Each structure stands twice: as C-alpha cells, then as structure tokens.
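Under our numbering, the letters of the sequence shown match residues 620 to 1172, in that order. The beta-carbon is built from N, C-alpha and C at its ideal position, and this holds for glycine as well. All of these numbers come straight from a predicted model, not from anything done at the bench. Below: the structure, in structure tokens.
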Amino acid sequence: MRSFFLMMSVVTFISCKTATEKGIVLTKATKEFVWQGANIYFLLTDRFKNADPSNDIQFNRKDDAAKLRGFNGGDFKGITEKIKEGYFTKLGINALWITPVVEQIHAGTDEGTGKSYGYHGYWTKDWTAIDPNFGTKEDLKELVETAHEKGIRILLDAVINHTGPVTDEDPIWPKSWVRTAPQCTYSNYEHTVTCTLVKNLPDIKTESNENVVLPPQLVSKWKAEGRYEQEVKELDVFFARTGHPRAPRFYIMKWLTDYITEYGIDGYRVDTVKHTEEFVWQEFRVECDYAFEEFKKNNPEKVLDQNGFYLVGEVYNYGVSSGKAFDFGDKKVNYYDSAFNSLLNFEIKWDAKNSDVTTVFNKYDTILNSDLKGYGILNYLSSHDDGQPFDMTRKKPFKTAEMLLLTPGTSQVYYGDESARELMVEGALGDANLRSLMNWSRINEDVTTKLILAHWQKIGQFRANHPAVGAGKQQVIPTENGVIFSRVRNEDKVIIGLELEKGEKVIKVAPFFENNETLRDAYTQQVLLVKDGKVTLNSPVNIVLLEKAVLSH
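Right, here's the structure in full:
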C-alpha cells in the first residue's frame, strides 16, 4: 500500500509538469450539465464546517446530548467558505445537497439512543423559518449565489411527511394536522403510509383534503416575530391561485416552494417518499415547477441553464432493478411519472460489494437506457441513515471512488467519502456513527488522506467534465486484462480502464477516436497520440481516464 501511495505522488508531480510543457488543455467548450450524470455532494450542515461560532447555541439548547446527537456548530458560512476555496470544484462536484434548513424543535428527546436534538434538520418546528443554528436568510442566500457562480447547483431537503417530535417546549400540532397512531409496521402499503414512522414523530395527514386552520403555536410564534400578517397574506394568494383546499399538505408545499422563488435553489431531495401517498408528489411536482419558472422569469440573469427543477426521492430500499415500480408487497407504485426525476438507489452498495465491475456497469447501463430511459437514479455508497454502507471501516477508499463515480447514473458523494471520514465512532450509537464531524485536520495534515483525496479529485473532475460518464451509452472494449469501456453522449466521448496492469498499457480506442487524434489520460495527465486505433501509455497505476485534448495556442 505504501508503494502505491508513493507511485501516485510521483505520477501526480511529474505528469502535471509534462502536460503543462506540451500546452495540452481539455476541450470544455461544449460541456453540458445533465442531472442524470451529475456529481452531487451530500452534507449535514451541522457536521461540515463551523465558520461562525456565534450561532452555535440557539433557543437555550444544551450541551447534554448523547455522543454525536447534539448540535456541533456547522453552518452555511462554513459551506460557503469551502465553495469559495474551490474545494467542491476540485472534487468535481457540480451540485450540493444540504440537509433541511428549516427551524427545528427547540428541545431534545430520547429515541432510545440517548438524548438527541434536531441537528440533522428532519425535526421541523416551522417550515417558514431557517434554524439560526445554521445561519440566517442572508447566509443561505450567499451560499446559493456563491455556488451558482461556481456552476454548482443547490438541492435542499424537503420533509412533508412529519413534524418534529413532541417535547415540553415543542407542543404537538392539532389533530386536524397530524396523527400519533398507529405506528408503522411496514407490512404493506397502508401500514407504511397511514401511520407514524416511529414513536413520537407525528405524521402529517397528507391524505386529507379537509380545510384546516393554522396551528395555534405557529400563529403565536409568527405574531411574536412580527410576520403573522405577511405569512397569512401569502397563504391567501397561494390558495387563491392554486384552488387547492387548505389541507395540511398544501400549506407545507407552499412553504417549501418559497425557498425556490426566494433563493433560486435548483432542486429538492425529498424525504420519506414511500410513507406518503404518491399523488402528493405529483402535486408537489406541479408547485415546484411553477415556483422555478417564476424564479427564472423574475431573475433571468441568474438562470444557469434550461434544465427544469430537479426532484430526487428517497424511497427507502428502492433499487435500480425495480425499474419504475416499487413493490410494497400488496401494491406496486410508480414514483417516477409526473413526479420524480430520480430516486435514491439503495442497491448499488450491494452490487459494488458482490459483483465484478463489468457486471455492475453493464447492468446499470442496460436499465438506464431501457426501463428508466429519460429518468435517473442517485447512486451512493455511504449515507446519513444507512447503517450498512459499502465500506464501513474505510479500508477501500480508492475502490469506493471508482465504483461510485464511474457507475452509470448520478453519483452522491457523502461528506468525507473523499477523505475516509470515520463511520464508526467510539461511544456513538446507531446512525450517529455515520454523522461524525468532517475530518479537515486529516485532510490538511495526513499524507495518506491527501492521496485518497487526490484520487477522488481526479475521477470527480473527469466525471464533471464529461456527462457521458454518468449519462452516456456504454460499450465494453475487449482486453486481455482489466476492464476497458467507452461512454458516449452526443459529441462527448471517453474511454475508461480499470483493474489494468501497472506499467505499459496498450488500449484500443477505435472507432471512438481516429488515428492522429490527441488524447489525454486525465488521471496521470499524459498526452497520447492515436496510432493504429490504439494509444500506449506507461503509468504505475491501474486506472486510465481517456479524453480528447487539443493543443493550446
């Protein structure tokens, strides 16, 4: 392992110099952004970076939580700081997914794993307010605008299914809004949807079409904050425009789509999708699309491209092999049509662990170009609530990068995947293990971590520069050792080699590239000339990322 790290260091240093001397640049003029091939970075705001200690304690929250179950200070300013530094750009990230930003319950509660607070963002108290532990409205606005300046899209996290838990400081919402029983058994459709996910997590009555009034605690809060009249006025306009009944789900849809029109976010990752009726998401799609078009119409100078609003859903345990249909046992539901662009793919971590590279890549290429053509999947190998990630002990960070970033579909890098952030923390219970603080000190100081990060950066930038990697059509190129394949999307063409012999490599590139074309290996930055339909390169690594290059003038 040590020799491998040393060889990577030598390649990085020498080949960069060679590429510069020869005046080689990557052709980027026609680079296209497509969500099906995006490289999304998912982070918990509270755990990423603390740039403003002044907002660390809000609402008299105490430092009495169980291990990794309280607020730790991460904020919008910390994310913005890393955007400005170019951290995400160097990693090849072109979209950020941020956990919910809305105001959380003020107190803590014990779910059986020790006292917890809403540091994660999924315990809503007020959908219309930003939790001050994360920052201010101005901070969020700066984050979005700074990301857009760098060509990075922003996804927020939408929760419609439930409020936060009930505490002495956080009273339950009215019975017209929520149910507190029965608790879900997950045995069929009804017992997954019309129930509470866990004990003390009130379930929004998303099926209801009955008109309801605002919760009294929300009215009191808004009046105390001096914005009651404005909020009511906006609700009146919304319901007059849409004609929707004043049912619980439509209030929440209005509040969530306000973040689109006010901040210009590019998409939502939607939480607990299968625990809510499918028609809710079709309705949500309509309101999101309307809000996004309103933002673009009112802010033409801020429009990044012609892509529509992006909705990716968390249908827990959905896998790409299911195509469009998720099976509850007694009922199959299609969450794609008229609702989601993409669904989180819970299957890839098993595929990556149990199948060879060729089998995985061919499987995903086939499904995405047939059953799911026109739609997408969001692949991940670790996440905030999946206790069985691909590499819990972080022993395979290089393999993780290759399987995640080079498998067809959209990729989701979970914060710290690129730096082997620990997923097992002494003293932590359950999903708290998955949510340790970002390991900035190791990135800055540890040689091995720097080499892991460099590996992720090389592949990530290659992916970001070539939508064909995630959203192209694949063709396997026969070889005597390793795996070589092409990916093509319109005019974008790449050839990728994995598990190759170290040292000299002869790679067939015809008919994708013609004789005398100049190519570049994006991993080592070696410049190559196509001869007899092949290129020859020598490198001490087993990966090749070939792209077309042109001589600079």
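Would residue i pass as a contact of residue j if the rule is Cβ separation under 7 angstroms?
| i | j | result |
| --- | --- | --- |
| F1131 | V1149 | no |
| V1154 | V1128 | yes |
| K1121 | P1159 | yes |
| Y887 | L775 | yes |
| I702 | A766 | yes |
| E1037 | L662 | no |
| W746 | I724 | no |
| D675 | G693 | no |
| W874 | P834 | no |
| V1102 | L997 | no |
| L1024 | I986 | no |
| K760 | Y878 | no |
| F690 | D665 | yes |
| Y660 | V1032 | yes |
| T1029 | G993 | no |
| N713 | I771 | yes |
| G1089 | G754 | no |
| G942 | D984 | no |
| D750 | E722 | yes |
| Y736 | A684 | yes |
| T708 | K769 | yes |
| E788 | P1086 | no |
Name the DSSP bridge partner or partners of residue i?
| i | result |
| --- | --- |
| W716 | F661, L774 |
| Y929 | G886 |
| E1123 | N1157 |
| I1096 | I1103 |
| N964 | N998 |
| S1030 | N658, N998 |
| I1114 | S1105, L1165 |
| K951 | D946 |
| F1148 | Note on residue identity: the sequence assigns Leu, not Phe, to residue 1148. Answer is T1137. |
Is it right to say residue i is buried, meaning 16 or more other beta carbons lie within 10 angstroms of its own, or is it exposed?
| i | result |
| --- | --- |
| V889 | buried |
| T649 | Any answer about T649 is weak, because its pLDDT of 49 lies below 50 and its placement is not dependable; what the coordinates show is given next. It counts as exposed. |
| A748 | buried |
| Q1144 | buried |
| M1043 | exposed |
| T895 | buried |
| L1138 | buried |
| V1163 | buried |
| D729 | exposed |
| K647 | Summary for K647: the model assigns pLDDT 45, below 50, so the residue's position carries little reliability; its value from the coordinates is reported in the next sentence. Answer is exposed; the Cβ neighbour count stays below 16. |
| W841 | buried |
| P1027 | buried |
| E906 | buried |
| A859 | exposed |
| T782 | buried |
| N1161 | buried |
| N1157 | exposed |
| D1004 | exposed |
| L1056 | buried |
From the options, pick the residue whose C-alpha is nearest to that of residue i; which is it?
| i | options | result |
| --- | --- | --- |
| V892 | S827, I779, C814, T977 | I779 |
| N830 | G727, V1154, W796 | W796 |
| E933 | I676, N917, I1162, T718 | T718 |
| G731 | R1013, A1051, K972 | A1051 |
| G1116 | F980, L987, F707 | F980 |
| F947 | D665, R1106, S806, T728 | S806 |
| Y955 | D970, Y929, R1054 | Y929 |
| Q901 | D683, A958, L997, K794 | A958 |
| D1151 | T1067, N1135, E1037 | N1135 |
| A1168 | S673, T755, N1157, L1147 | L1147 |
| E764 | H1074, N918, T978, A1141 | N918 |
| I698 | D671, K681, L687 | D671 |
| N953 | A944, S961, N960 | A944 |
| W1059 | L1053, R1040, E848, R904 | R1040 |
| N1084 | A971, E1166, L816 | E1166 |
| K1015 | R1082, R688, K968, T861 | K968 |
| V856 | K818, E844, F869 | F869 |
| T1252 | P801, L820, N819 | A question about residue 1252 goes unanswered here, because the residues of the chain that appear run from 620 up to 1172. |
| F1009 | T825, F965, G1046 | F965 |
| V653 | N1109, E1123, L1156 | N1109 |
| D885 | H739, I773, N658 | I773 |
| N819 | S839, V785, T811 | V785 |
| N679 | E700, L715, K668, A726 | A726 |
Quick one: is residue i near chain C, going by C-beta distance under 7 angstroms?
| i | result |
| --- | --- |
| Q723 | In the structure shown, chain C does not exist; there is a single protein chain. |
May I ask you to check if the CB of residue i is nearer than 6 angstroms to at least one heavy atom of the ligand SAH?
| i | result |
| --- | --- |
| V922 | The ligand SAH is absent from the structure shown, which contains no ligand whatsoever. |
Worksheet item: Of all the alpha helix (DSSP H) runs that stay within the bounds of the region 777-847, which reach a length of 4 or more residues?
Response: 809-812, 835-843
Item to complete: Would you list, in sequence order, the uninterrupted beta strand (DSSP E) runs of no fewer than 3 residues that lie entirely inside the region 718-764?
Response: 721-723, 743-749
Practice prompt. Let me know the alpha helix (DSSP H) ranges lying completely inside the region 850-914, each 4 residues or longer, listed in chain order.
Written response: 867-882
Item to complete: Return the chain-ordered ranges of every beta strand (DSSP E) run that is complete within the region 974-1024 and spans a minimum of 3 residues.
Response: 995-999
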